[in-house]
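Have a look at the structure below before the remarks.
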């Protein structure tokens, strides 16, 4: 499921833009290994449809990347989910596995229905949203949110949010969809970081 709201940069150019935009990180081997480790332990079913985007963001507090752990992230999201997750229709309580979320993103004053079923995998620090009938990306589309710490290289230990979307039958042009998804998930990362800073009880 790709969001229709308001970035980051796609992986192909993120490494070149890193110096100019600290919110975005490249998908170098150190980042991929962290995601692969999370995915392996999650045993999450393969996504259906074609890939629309794959973004990586630093989780920041006032534009400063953080060293909190993925466990801190899930503790914060359980404390208040929609304090950080920016899409209208998200619940305050952390969604249960299979819970229907009547999301309704908007851009330029135009709102779209985006009903999804939540599939959180807490031990692996992954949240999957699966599009339900009526979603603008097509039923069965998915968006996966994976949290991990950079394991090597510059920024080792920094908290990363990876967002991957696969779509089955989108009604919105890809470039429009990706543009607003980038901005929306950057907002998620930034709001999460600002909430983590005062509430998390420890750092990695």
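Residue numbers (the working numbering): 1033 to 1236. Beta carbons: idealized from backbone N, C-alpha and C, even for Gly.
| Item | Value |
| --- | --- |
| Kindly indicate which three-state DSSP category residue 1073 falls into: helix, strand or coil? | Residue confidence is low: residue 1073 scores 46 on pLDDT, short of 50, so the model does not pin down where it sits. Its coordinate-derived value is still stated next. If DSSP states are grouped into helix, strand and coil, residue 1073 belongs with the helices. |
| I need the DSSP call for residue 1111, collapsed to helix, strand or coil. | helix |
| If you reduce the DSSP assignment to three classes, tell me which class residue 1132 lands in. | strand |
| Relative to the C-alpha of residue 1145, which residue among 1120, 1180 and 1130 is closest? | 1120 |
| Can you have a look at residue 1173 and say buried or exposed, based on whether 16 or more other CB atoms are within 10 angstroms of its CB? | buried |
| Helix, strand or coil, according to DSSP, for residue 1119 in the structure here? | coil |
| Which residues in the same chain have their Cβ closer than 6 Å to the Cβ of residue 1066, if we skip the five residues on either side of it in sequence? | At residue 1066, the pLDDT of 45 sits below 50, so the modelled position is not reliable and the matter cannot be decided from this model. |
| Which residue's Cα is closest to the Cα of residue 1075: 1151, 1092 and 1106? | 1151 |
| What did DSSP end up calling residue 1224 once you bin it into helix, strand or coil? | helix |
| How many whole angstroms separate the CB atoms of residue 1116 and residue 1190, which I take to be in contact at a CB cut-off of 8 Å? | That pair is no contact at about 18 Å. |
| Any idea what DSSP makes of residue 1184, helix, strand or coil? | coil |
| Taking 7 Å as the limit between beta carbons, can you name the residues of its chain near residue 1188, skipping five residues before and five after? | 1182 |
| Going by beta carbon distance, what residues of the same chain come within less than 8 Å of residue 1133, once the five residues before and after it are set aside? | 1121, 1122, 1123, 1127, 1147, 1148, 1149, 1150 and 1161 |
| Going along the chain, which unbroken runs of the beta strand (DSSP E) with 3 or more residues stay wholly within the stretch 1144–1214? | 1146–1153, 1158–1163, 1174–1181 and 1191–1199 |
| Going by C-alpha distance, which of 1103, 1136 and 1137 is nearest residue 1228? | 1103 |
| In three-state terms, what does DSSP make of residue 1230? | helix |
| Beta carbon of residue 1221, beta carbon of residue 1092: below 8 Å? | yes |
| Looking only at its own chain, which residues have a Cβ that is under 8 Å from the Cβ of residue 1129, when we skip the five neighbours before and after it? | 1150, 1151 and 1152 |
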